[in-house]
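The listed protein sequences correspond, in order, to chains A and B. Residue numbering for the first sequence follows the working numbering, beginning at 10 and increasing consecutively. Residue numbering for the second sequence follows the working numbering, beginning at 585 and increasing consecutively. Backbone N, C-alpha and C fix where the C-beta goes; we use that ideal spot for every residue, glycine too.
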Amino acid sequence: MADYAHPEMLVSTQWVADNAADPKVRIVEVDVDTAAYNEGHPPGAIAWAWNTQLCDTLRRDILPRDQFEFLMNAAGISRGSTVIVYGDNNNWFAAWAFWQMKMYGHPDVRIMNGGRKKWLAEGRELSKDASEVTASGGYSASGPDNSLRAFLPQVRAAHDTRASAMVDVRSPQEFTGEILAPPGLPETCQRGGHIPGARSIPWGKACNEDGTFKSFDDLKQLYGGEGIDGSRPVIAYCRIGERSSHTWFVLKYLLGLSNVTNYDGSWTEWGNLVGAPVEKGAAQSVARA
Amino acid sequence: MNPQNYSEQILVVEGWQVRLTTYQLGDTWHSKADNVSPGASLARMTGATRDEAEQKALERARQLLGRTQRRAV
Chain A
10 MADYAHPEML
20 VSTQWVADNA
30 ADPKVRIVEV
40 DVDTAAYNEG
50 HPPGAIAWAW
60 NTQLCDTLRR
70 DILPRDQFEF
80 LMNAAGISRG
90 STVIVYGDNN
100 NWFAAWAFWQ
110 MKMYGHPDVR
120 IMNGGRKKWL
130 AEGRELSKDA
140 SEVTASGGYS
150 ASGPDNSLRA
160 FLPQVRAAHD
170 TRASAMVDVR
180 SPQEFTGEIL
190 APPGLPETCQ
200 RGGHIPGARS
210 IPWGKACNED
220 GTFKSFDDLK
230 QLYGGEGIDG
240 SRPVIAYCRI
250 GERSSHTWFV
260 LKYLLGLSNV
270 TNYDGSWTEW
280 GNLVGAPVEK
290 GAAQSVARA
Chain B
585 MNPQNYSEQI
595 LVVEGWQVRL
605 TTYQLGDTWH
615 SKADNVSPGA
625 SLARMTGATR
635 DEAEQKALER
645 ARQLLGRTQR
655 RAV
């Protein structure tokens with residue numbers, strides 16, 4: 010079985026248990042449900058809330074650089090720190106944090122394979138105590154590295170020329186237009202469907218039942234079967250850009266595709282645009298896309 | 585403290601799949617309902633028993649899922 014392109018981007022739950030007390034290591038929980046951390050977390054872990062600390066809370070954007078630097082300093086993270094992110098639901102929002110840390114050039118950030126789910130299922134120790142952190146100072150970010158991100162003009166061009174492959178990682182029902190948002194969540198777009206030509210590969214297919222990532226061979230088959238093989242640049246999108254940051258991680262670091270971007274504007278941008286082309290129903294065959 | 589009695593089950597609520605994740609931490613049972621795809625949390629509840637925590641989570645999930653509209657494609 011082939012190994013991942015960058016296996017060093019993952020650590021195991023055991024690695025976290027063994028290294029959480031290392032002052033050079035910072036463990037960060039990033040959950041979909043920001044209340045999860047308070048139920049209990051691996052000793053020493055801190056938490057970031059995706060909806061207040063990992064985005065610009067005024068305009069729709071990623072965290073501004075100065076606020077990113079503030080977040081790193083408050084978390085006691087220096088440029089030399091090894092940061093391990095993990096979270097609930099197969100590391101969904103942990104990948105969102107990972108993507109932003111790469112946007113701002115943090116040298117050593119990794120994901121705990123299996124996330125919170127695996128930690129709980131293994132019966133590992135949980136603490137309810139807020140972890141004590143000594144704030145650092147002087148964190149200086151680089152970037153943002155927009156080569157990791159797709160903006161609307163690039164997506165429009167990709168649609169027009171088909172020079173890039175697009176992967177819609179939402180659920181099949183969101184892709185077809187049957188629903189406008191995941192079940193139980195507020196609708197945030199005016200139209201349902203997908204960007205014409207996009208392939209439908211729900212993000213969660215990249216994970217095993219225990220929350221860990223599927224093997225290189227399985228991932229290669231999953232994405233390659235839909236024409237996502239690195240022969241063209243890839244743009245991943247979802248509803249607000251977090252599920253697609255997970256797929257971005259898989260394609261870039263586990264499969265090793267060189268040109269992958271995350272369109273974080275995603276369907277809440279495209280599905281609200283006046284005049285933007287929309288396709289409903291199932292995807293066309295790979296050959297016609 | 586270590587979590588015990590971790591379990592996951594998939595149910596159908598208001599026509600939608602729901603994953604109910606439950607575990608015990610000390611004397612408290614924690615139960616979370618999510619919408620499976622993508623797995624967004626719908627409810628997170630606690631109780632003195634597994635059943636109490638799960639029923640509270642399912643009830644909240646039922647309220648939210650009942651609002652989801654299906655459209656013709």
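Distance between residue j and residue i (C-alpha atoms, nearest Å)
{"i": "P242(A)", "j": "N268(A)", "result": "5 Å"}
{"i": "A84(A)", "j": "T143(A)", "result": "7 Å"}
{"i": "E235(A)", "j": "R208(A)", "result": "7 Å"}
{"i": "E196(A)", "j": "T66(A)", "result": "20 Å"}
{"i": "D12(A)", "j": "N99(A)", "result": "20 Å"}
{"i": "W101(A)", "j": "L609(B)", "result": "24 Å"}
{"i": "G89(A)", "j": "H168(A)", "result": "40 Å"}
{"i": "D40(A)", "j": "V25(A)", "result": "17 Å"}
{"i": "Q199(A)", "j": "T652(B)", "result": "15 Å"}
{"i": "E592(B)", "j": "T606(B)", "result": "6 Å"}
{"i": "Q230(A)", "j": "A14(A)", "result": "15 Å"}
{"i": "T633(B)", "j": "Y590(B)", "result": "13 Å"}
{"i": "A656(B)", "j": "G599(B)", "result": "16 Å"}
{"i": "S87(A)", "j": "L72(A)", "result": "18 Å"}
{"i": "V20(A)", "j": "W108(A)", "result": "17 Å"}
{"i": "S145(A)", "j": "L266(A)", "result": "35 Å"}
{"i": "G290(A)", "j": "N28(A)", "result": "48 Å"}
Same chain only: Cβ atoms within 8 Å of residue i, ignoring 5 sequence neighbours per side
{"i": "T270(A)", "result": "S156, L157, R158, A159, Q163, P242, V243, I244, A245, W257"}
{"i": "Q601(B)", "result": "I594, L595, N619, V620, S621"}
{"i": "K111(A)", "result": "V118, D154, L157"}
{"i": "D57(A)", "result": "Correcting the residue identity first, residue 57(A) is Trp in this sequence and not Asp. Answer for W57(A): V37, E38, V39, L63, L80, A84, A106, listed in chain order."}
{"i": "K126(A)", "result": "D97, N98, N99, D219, G220"}
Of the residues the options, the one placed nearest residue i, counting alpha carbons only
{"i": "T612(B)", "options": "Q647(B), E636(B), L649(B), L648(B)", "result": "E636(B)"}
{"i": "M175(A)", "options": "D65(A), P153(A), V25(A), P205(A)", "result": "P205(A)"}
{"i": "N619(B)", "options": "L604(B), E638(B), R651(B), N589(B)", "result": "L604(B)"}
{"i": "S253(A)", "options": "P73(A), R68(A), A103(A)", "result": "A103(A)"}
{"i": "A627(B)", "options": "G650(B), E643(B), R634(B)", "result": "E643(B)"}
{"i": "V34(A)", "options": "T43(A), L194(A), I93(A)", "result": "I93(A)"}
{"i": "M18(A)", "options": "Y272(A), T277(A), Y262(A)", "result": "Y262(A)"}
{"i": "D177(A)", "options": "A166(A), R171(A), P211(A)", "result": "P211(A)"}
{"i": "V597(B)", "options": "R655(B), Q588(B), L648(B), H614(B)", "result": "L648(B)"}
{"i": "K214(A)", "options": "G623(B), A632(B), A641(B)", "result": "G623(B)"}
{"i": "S224(A)", "options": "S240(A), L260(A), G202(A), P192(A)", "result": "L260(A)"}
{"i": "T277(A)", "options": "I249(A), L129(A), A44(A)", "result": "I249(A)"}
Where residue i meets chain A, residues with beta-carbon distance less than 8 Å
{"i": "Q588(B)", "result": "G132"}
Own chain residues within Cβ distance below 6 Å of residue i, not counting five before or after
{"i": "G274(A)", "result": "L161"}
{"i": "S180(A)", "result": "P211"}
{"i": "V301(A)", "result": "Residue 301(A) is absent from the model: chain A starts at 10 and stops at 298."}
Same chain, Cβ closer than 7 Å to residue i, five either side skipped, listed in chain order
{"i": "A285(A)", "result": "W279"}
{"i": "A150(A)", "result": "R74, F77, E78, Y113, G114"}
{"i": "G124(A)", "result": "Y95, G96, D97, N99, N100, A103, G220"}
{"i": "Q182(A)", "result": "I188"}
Where residue i meets chain B, residues with beta-carbon distance less than 8 Å
{"i": "G49(A)", "result": "M585, P587, L609"}
Per-residue contacts from residue i into chain B (C-beta, under 7 Å)
{"i": "R252(A)", "result": "P622"}
Listed by chain order, chain A residues near residue i by CB distance under 9 Å
{"i": "D635(B)", "result": "Here the premise fails: no neighbours, minimum Cβ distance about 19 Å."}
Partners in chain B for residue i, counting only beta-carbon separations shorter than 9 Å
{"i": "L135(A)", "result": "M585, N586, P587, L609"}
| task | Would you mind listing the beta strand (DSSP E) stretches within the segment 82 to 125 of chain A that are 3+ residues and don't spill past its ends, in chain order? | result | 91 to 95, 118 to 121
| task | Only counting runs of 3 or more residues, tell me where the beta strand (DSSP E) segments fall wholly within the segment 253 to 281 of chain A, in order along the chain. | result | 269 to 272
| Can you list the beta strand (DSSP E) stretches of 3 or more residues lying completely in the segment 189 to 234 of chain A, in chain order? | none
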